[in-house]
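Here is the structure we will look at, set down as structure tokens.
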Amino acid sequence: MNPLRVMVVDDSALFRAMLRNLFAEIPNCEVVASIADGRTAIEKIAESLPDLVTLDVEMPDINGIDVLRELKRRRIQTNVVMISRLTAAGAQVTTDALIEGAFDFILKPSGSSPSENKNTLRTALLDKIAALADARSGLTSDVIDTPPLNGQSPLVRKPEAIVIACSTGGPDALSHVIPDLSSTLPVPVFIIQHMPPRFTASLASRLNDASELHVLEAEDGLVAKPGQVFVARGGQHLLLERRHSDRVRLTLTDAPPEHNCRPAADYTLRSAVELYRGHLLAVILTGMGRDGTAGCQLVQARGGHVLAQHADGCTVYGMPRSVINAGLANEIVKLPRIAHTINRLVQGADNRQDPS
Numbered sequence: 005m006n007p008l009r010v011m012v013v014d015d016s017a018l019f020r021a022m023l024r025n026l027f028a029e030i031p032n033c034e035v036v037a038s039i040a041d042g043r044t045a046i047e048k049i050a051e052s053l054p055d056l057v058t059l060d061v062e063m064p065d066i067n068g069i070d071v072l073r074e075l076k077r078r079r080i081q082t083n084v085v086m087i088s089r090l091t092a093a094g095a096q097v098t099t100d101a102l103i104e105g106a107f108d109f110i111l112k113p114s115g116s117s118p119s120e121n122k123n124t125l126r127t128a129l130l131d132k133i134a135a136l137a138d139a140r141s142g143l144t145s146d147v148i149d150t151p152p153l154n155g156q157s158p159l160v161r162k163p164e165a166i167v168i169a170c171s172t173g174g175p176d177a178l179s180h181v182i183p184d185l186s187s188t189l190p191v192p193v194f195i196i197q198h199m200p201p202r203f204t205a206s207l208a209s210r211l212n213d214a215s216e217l218h219v220l221e222a223e224d225g226l227v228a229k230p231g232q233v234f235v236a237r238g239g240q241h242l243l244l245e246r247r248h249s250d251r252v253r254l255t256l257t258d259a260p261p262e263h264n265c266r267p268a269a270d271y272t273l274r275s276a277v278e279l280y281r282g283h284l285l286a287v288i289l290t291g292m293g294r295d296g297t298a299g300c301q302l303v304q305a306r307g308g309h310v311l312a313q314h315a316d317g318c319t320v321y322g323m324p325r326s327v328i329n330a331g332l333a334n335e336i337v338k339l340p341r342i343a344h345t346i347n348r349l350v351q352g353a354d355n356r357q358d359p360s
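Residue 359 in this note's numbering sits at position 355 of the sequence shown; the count goes up by one each step and never skips.
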């Protein structure tokens, strides 16, 4: 098996050395270059076409997002993992990079112990390498070869709410789905994207700028209103419940992580099923792992509807694949048609142009 060819791009010599040493300890990884600035990185990436680039968000002269955009302009295909700090500015730039097509991101460790920082970074790198391996494997032998149904599955009950679940590749997928939802969508939408705090606020802001719907980060006590899109806050689960009225309110909880994630889609889907029963639409987009599968089992059991993203266009096919292989997907739809399909299911018609 050919080694994973890695390029490290960071203006900090200390951090570049830490990354090189960590990759040297990871089996089947080879660091082909270590670059200190964005301008040089662009040319080296174009020249050597590495399998993976770790790209610092904040660099002088040309920052990480500008490097990514130049690679995109030149149509240079590689997998870019952004290296970001847990700051408001870092979150905004990183979110932009994910929407521009970066594979994923890693937070720079900020602990007081060098050994703790190294272990944190190693765990994050191993997680991204595993996701990349999943993405590169394509349709493995355990995947059911099911064609997209493109909206032909019958809908028994009209949805009164939508829960969208995604992880790796989610911001890019959401940037294609949310802006194309109908401006008169008569139901609330709840997005569970695996992200840390601050990054979900930035994601909500970017989606709101691009959409006619009101997109906002979930806050404790908010009332779920039709036509609003709520992005679950990073670091907390999103619970939906009714308190002393018919209005559905959002509650943020610190319950234990599920699937090593908080927020987790299964957590939110359990409460959504209790409230909306069979009038719930679950949409499972790109992402690694199985989060959402158990929740979709509940949706199906109550007579709700499950929509899964087709493999074509998924950054990582894990979450949709798990739902599809469990026989839980009513419809399997390619990314450009997902918004149209949601509009059709909820409204019975779409006031936007069918992208087919």
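Beta carbons: idealized from backbone N, C-alpha and C, even for Gly.
Predicted model, so just to flag it, every value in this text is computed and none were measured.
If you draw a straight line from the Cα of E29 to the Cα of S326, it comes to about 31 Å. Within the DSSP bridge table, the entry for F109 names M86 as partners. Selection G239, V227, Q313 and V191 evaluated against Q197 yields G239 as nearest (Cα-Cα).
If you draw a straight line from the Cα of E221 to the Cα of I288, it comes to about 19 Å.
In the same chain as H314, and ignoring 5 residues on each side of it, the C-beta atoms closer than 7 Å to its own belong to P152, I336, V337 and K338, in chain order.
With a cutoff of 8 Å on beta-carbon distance, L185 and L217 are scored as near each other.
For the 8 Å CB-CB criterion, L332 and V167 do not form a contact. Between R20 and V12, the gap from beta carbon to beta carbon is short of 8 Å.
With respect to the 8 Å criterion, A93 and G68 are not classified as neighbours on the basis of their beta carbons.
Restricting attention to G293, N334 and I342, the CA atom closest to the CA of G322 is found in G293. Positions of the alpha helix (DSSP H) runs, each at least 4 residues long and wholly inside the region 229 to 283, are given as 269 to 280 in order along the chain.
Inter-residue distance for L189 and D250 is about 20 Å (C-alpha atoms, whole angstroms). Leaving aside the five residues that flank C33 on each side, the residues in its chain whose CB is nearer than 8 Å to its CB run, in chain order, P7, L8, V10, F27 and I133.
For D60, the enclosing beta strand (DSSP E) stretches over residues L56 to D60. Excluding five sequence positions before and after E120, the CB atoms of its chain that fall closer than 8 Å to its own CB belong to P113, given in chain order.
Your pair V57 and I46 does not check out as a contact, with CB atoms roughly 10 Å apart and the cut at 8 Å. With a cutoff of 8 Å on beta-carbon distance, A208 and V235 are scored as near each other. Between V181 and I342 the beta-carbon gap is near 5 Å, inside 8 Å, which marks them as a contact. Beta bridge pairing from DSSP links M11 with A37 and V57. Counted as a single uninterrupted DSSP element, the beta strand (DSSP E) harbouring V310 occupies residues H309 to Q313.
A165 is bridged by DSSP to L284. If you ignore the 5 residues before and after T257, its C-beta comes within less than 7 Å of the C-beta of Q240, H241 and L243, all in its own chain and listed in chain order. I195 carries a strand assignment under DSSP once its states are collapsed to helix, strand and coil. Annotated as proximal: G225 and L254, with beta-carbon spacing under 8 Å.
Annotated as proximal: L302 and L273, with beta-carbon spacing under 8 Å. V84 is the residue among E74, Q96, L130 and V84 whose C-alpha sits nearest the C-alpha of F109. Per DSSP, the unbroken beta strand (DSSP E) holding L220 starts and ends at H218 to E221. With a 10 Å radius around the Cβ and a threshold of 16 neighbouring Cβ atoms, L18 comes out exposed. In the structure shown, E104 falls within a coil segment according to DSSP collapsed to helix, strand and coil. Around the beta carbon of D14, 16 or more other beta carbons lie within 10 angstroms, which makes this residue buried. Distance between T91 and A205, taken at the CA atoms: about 12 Å. In this structure, the straight-line span from the alpha carbon of S275 to that of R79 is close to 43 Å.
Here I336 carries a strand assignment [DSSP, helix/strand/coil]. In the structure shown, C300 adopts helical secondary structure according to DSSP, grouped into three states.
Apart from sequence neighbours up to five positions away, the residues of its chain that approach T124 with a beta-carbon distance below 7 Å are P113 and G115, ordered along the chain.
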